[in-house]
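To keep things clear, I will list the structure first and then write my remarks on it.
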Amino acid sequence: MAFAIAGLLSAQTVDTPVKMTPEFPLTFPLVKQGDFVTVKFPVMINPITVLKPGMILRTLYIIQQSDDEPNDLGIAHATDEAEAYARSNPSTDSQPKMPYEVAHQLETYRRTVWTTPVNFELAMAQFPTEVMHLIYSLGGKTRERDLLDQRFSFFDGMLVGQPDGSSITVLAVEDDSKSAGAGIQAGDEIVAVGSEPVQHDLITFAILFAQARQNARDMSASSYAITIRSPGQAGTHVVNVAMPPTIKSQLMDGFK
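Written as structure tokens, this is what we have:
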């Protein structure tokens, strides 16, 4: 396994791993289950993907891209599974052929299975998180066609999960993120986004998060609201998470 880790880490060039509080590799709820690695409790790795106990985590990877082929990773993930991993498909105007090197890397990663949490922790500590992918499968399904591939993407810097199986809890917050700027910290329970309760459901939280940000954009608002309950506090309070500046607001700032 050390050899596999070393081979993957060599792909990193300029980008750096995400910096979170607490540290991302130590916060992610990995646990060994028999011959495989899974998660201790539900955790959301991007706005559409919830990892649940019993799912088999196989490997983490990034694609090494050359300067003259900047779209290799996009080609690899812009098609369906059959097309994405079949190098024999001819190129067409509407469907470019994936470069051989990228296809070979992906095939290697899909056949890799890490059997201990430390492999994932080492990769999480080294990989640039914004381009890191997880290959996993639903419990008991190990055929190649059953493998799933998802990229990590946090909620304005928040990694969220359900340590108690119910409450939507902030597990870690990315340093210098919008959420950190709003005062959100690890251990905070998310009760509502905007004015809507998250209903103890990660997917509901993700939908409300997207809606709140879209509403803020539509109204040219500078922030959106999240209601949280901090550890040791009986009541809740509202924090305002800043929106990225728009072109319009940047232009207006230039006239001040």
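When you line the sequence shown up against my numbering, it's residues -2 to 253, in that order.
Glycine included, every Cβ here is placed at the ideal spot set by N, Cα and C.
DSSP three-state assignment for residue i, whether helix, strand or coil
{"i": "D161", "result": "coil"}
{"i": "A179", "result": "coil"}
{"i": "A218", "result": "coil"}
{"i": "L156", "result": "strand"}
{"i": "T126", "result": "helix"}
{"i": "H101", "result": "helix"}
{"i": "E141", "result": "helix"}
{"i": "F33", "result": "strand"}
{"i": "E118", "result": "helix"}
{"i": "V238", "result": "strand"}
{"i": "T166", "result": "strand"}
{"i": "P96", "result": "coil"}
{"i": "A254", "result": "In the structure as shown, the chain starts at -2 and stops at 253, and residue 254 therefore has no counterpart that could be examined."}
{"i": "P194", "result": "strand"}
{"i": "T24", "result": "helix"}
Exposed unless 16 or more other CB atoms sit within 10 angstroms - verdict on residue i
{"i": "L23", "result": "exposed"}
{"i": "E186", "result": "buried"}
{"i": "A209", "result": "buried"}
{"i": "A122", "result": "exposed"}
{"i": "S174", "result": "buried"}
Distance CB(residue i)-CB(residue j) smaller than 8 Å
{"i": "P44", "j": "S150", "result": "yes"}
{"i": "L131", "j": "L57", "result": "yes"}
{"i": "P34", "j": "E171", "result": "Per the sequence shown, residue 34 should be read as Val rather than Pro. No, the Cβ-Cβ distance between V34 and E171 is not below 8 Å."}
{"i": "R226", "j": "V190", "result": "no"}
{"i": "A177", "j": "G158", "result": "no"}
{"i": "M240", "j": "A213", "result": "yes"}
{"i": "T46", "j": "Q196", "result": "no"}
{"i": "Y221", "j": "V238", "result": "yes"}
{"i": "P96", "j": "K29", "result": "no"}
{"i": "G264", "j": "G51", "result": "Limits of the chain in this structure are -2 at one end and 253 at the other, which puts residue 264 out of reach."}
Integer-rounded CB distance, given that residue j should sit under 8 Å from residue i
{"i": "L54", "j": "F117", "result": "7 Å"}
{"i": "F38", "j": "P160", "result": "5 Å"}
{"i": "T13", "j": "A183", "result": "The Cβ separation is near 21 Å, so there is no contact."}
{"i": "I42", "j": "Q102", "result": "The Cβ separation is near 21 Å, so there is no contact."}
{"i": "L168", "j": "V40", "result": "7 Å"}
{"i": "L144", "j": "R107", "result": "6 Å"}
Residue i at chain D interface by Cβ criterion, 8 Å
{"i": "P125", "result": "Any reference to chain D falls outside this structure, which holds one protein chain only."}
Does the count of Cβ pairs from the region 159 to 167 and the region 119 to 134 closer than 8 Å reach three?
The answer is no - the region 119 to 134 does not touch the region 159 to 167, with fewer than three Cβ pairs under 8 Å.
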